[in-house]
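Novice: Handing you a structure now.
In the working numbering, the protein residues as written are -9 to 359.
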């Protein structure tokens, strides 16, 4: 069995719902997306740009094309296609699809990873998950794990239709929540030849159990009942309600996990508001749909992905590290777990001095052949 390795230097307002009570009920599910907020404040100007934080990185060695393609549901998935400059269209190249953190869009973390992989010679494409960013889907910010996983397979369809892509050698990277979505996709799509996850969240376990399984079944049932009541209310004309997301204002009571998300999503370091979306709802899924995560079990049967390889990357200080460890424990060989020394969860979204791009490069070079 492969031993885990150390890589050196390498987050609503809702009538009738008490804010603190709902935070307690939803546990890490809210922590994963950020806590709720009823505040509306200007964009913060200060942010931690240490360790090479470079979410909006661009490269003169890479060309960018905006693309759209159809899912099996016949909805448009939006992507950014990154090609190494000077690519020979007559040569078939390995390709990588990159998925963004849950509640984010492709301009947050996914573009960075895709750009860096294109610099290494791969065809790379970041995607917006359905109902988010520029991808189609109504209501906006809807939770649909099945549709999210399908977006990765639709990306394989799209990339594999190009003459310069070797359809036998297409891999995927999932950051945060997309780590669980790409695992879900790979279980039933053997065309995804190699899988890497970074700062992975098992969004199902996060909503069911919270971090360290700190949420009780009764608390889970209370949250499900609240979401079900919202499903009655919306057809009767009630406003759409959102849960999670990153708070718009820090207070003395803001917890460390939320502060970590805030520094990325609510400052110029990583903040991005897609066209037609209100800043106040960015990162926040709809309350009534978020219960769909309760039925999401991405790690069940993860061992069936073998013999296709899996690479799990997490900061050794990440509040989410239990999910990468769990996936690694369940997966079959070949597999590898890399701990990035000193890194937290959000650090691996954009801190290029911590993200082990060399490890990702060597993994895909060895496996996409």
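We put the beta carbon where it would ideally sit given N, CA and C, even for glycine. All of these numbers come straight from a predicted model, not from anything done at the bench.
Let me make sure I understand the geometry here. Which of 94, 131, 92 and 144 has the alpha-carbon closest to that of residue 115?
Specialist: Checking every option, the nearest Cα to that of residue 115 belongs to 144.
Novice: Spatial neighbours of residue 80 within its chain, please: CB distance less than 8 Å, with the 5 preceding and 5 following residues excluded, ordered by chain position.
Specialist: Here the set comprises 153 and 154.
Novice: Report buried or exposed for residue 45, applying the criterion of at least 16 other Cβ atoms within 10 angstroms of its Cβ.
Specialist: The residue is buried, with at least 16 neighbouring Cβ atoms inside 10 Å.
Novice: What is the C-beta distance between residue 135 and residue 193, in whole angstroms, given that I count them as a contact (C-beta under 8 Å)?
Specialist: Residue 135 to residue 193, Cβ: 7 Å. Contact.
Novice: Report yes if the CB atom of residue 276 is closer than 8 Å to the CB atom of residue 212, and no otherwise.
Specialist: Result no, Cβ atoms of residue 276 and residue 212 do not sit closer than 8 Å.
Novice: What beta strand (DSSP E) runs, 3 residues minimum, are completely inside the segment 109 to 185?
Specialist: Listed in chain order, they are 113 to 117 and 155 to 165.
Novice: Closest to residue 113 by C-alpha separation, out of 340, 159, 311 and 209, would be which residue?
Specialist: Cα-wise, what sits closest to residue 113 is 159.
Novice: For residue 101, I'd like the list of residues in its chain whose CB is within less than 7 Å of its CB, leaving aside the five on either flank, ordered along the chain.
Specialist: Answer for residue 101: 70 and 116, listed in chain order.
Novice: Would you list, in sequence order, the uninterrupted alpha helix (DSSP H) runs of no fewer than 4 residues that lie entirely inside the segment 244 to 316?
Specialist: Correct list: 246 to 255 and 277 to 280.
Novice: Short check: CB of residue 236 to CB of residue 251, under 8 Å?
Specialist: Taking 8 Å as the Cβ cut-off, residue 236 and residue 251 qualify as a contacting pair.
Novice: Taking residue 165 as the reference, which of 180, 340 and 319 has the closest Cα?
Specialist: It is 340.
Novice: Which residues in the same chain as residue 56 place their Cβ atom closer than 7 Å to its Cβ, once the five residues preceding and following it in sequence are excluded?
Specialist: Closer than 7 Å at the Cβ level, and outside the excluded window around residue 56, lie 70.
Novice: Which residues in the same chain as residue 263 place their Cβ atom closer than 6 Å to its Cβ, once the five residues preceding and following it in sequence are excluded?
Specialist: Within the same chain, residue 263 has close Cβ partners 269 and 272.
Novice: By alpha-carbon positions, which one of 85, 311, 282 and 167 ends up nearest to residue 96?
Specialist: Residue 96 has its Cα closest to that of 167, out of 85, 311, 282 and 167.
Novice: Starting from residue 89, follow the beta strand (DSSP E) in both directions and report where the run begins and ends.
Specialist: From DSSP, the beta strand (DSSP E) with residue 89 extends over 83 to 89.
Novice: With a threshold of 6 Å on Cβ separation, who are the neighbours of residue 357 within its own chain once the five nearest residues in sequence on each side are excluded?
Specialist: The residues are 184 and 299.
Novice: Where does residue 337 land, buried or exposed, given buried means 16+ other C-beta within 10 angstroms?
Specialist: Result: buried.
Novice: Compute the distance between the beta-carbons of residue 118 and residue 109, then report whether it is under 8 Å.
Specialist: Their beta carbons are not under 8 Å apart, which means residue 118 does not touch residue 109 by this criterion.
Novice: Keeping to the same chain, check which residues put their C-beta closer than 7 Å to that of residue 308; ignore five residues upstream and five downstream.
Specialist: Excluding sequence neighbours, residue 308 sits near 189, 333, 334 and 335.
Novice: Just to confirm my understanding: we take residue 191, look at its own chain, exclude 5 residues before and 5 after, and list those with CB closer than 7 Å. What are they?
Specialist: Correct list, in chain order: 22, 92, 166, 167, 169, 170, 310 and 313.
Novice: Considering only the beta carbon of each residue, do residue 186 and residue 327 sit closer than 8 Å?
Specialist: The answer is no: Cβ separation not under 8 Å.
Novice: Let's see if you can read the secondary structure: which residues bound the alpha helix (DSSP H) around residue 58?
Specialist: That residue, residue 58, is in no alpha helix (DSSP H); its beta strand (DSSP E) goes 52 to 60.
Novice: Based on the DSSP secondary-structure assignment, which residues constitute the bridge partners of residue 232?
Specialist: Paired residue(s): 276.
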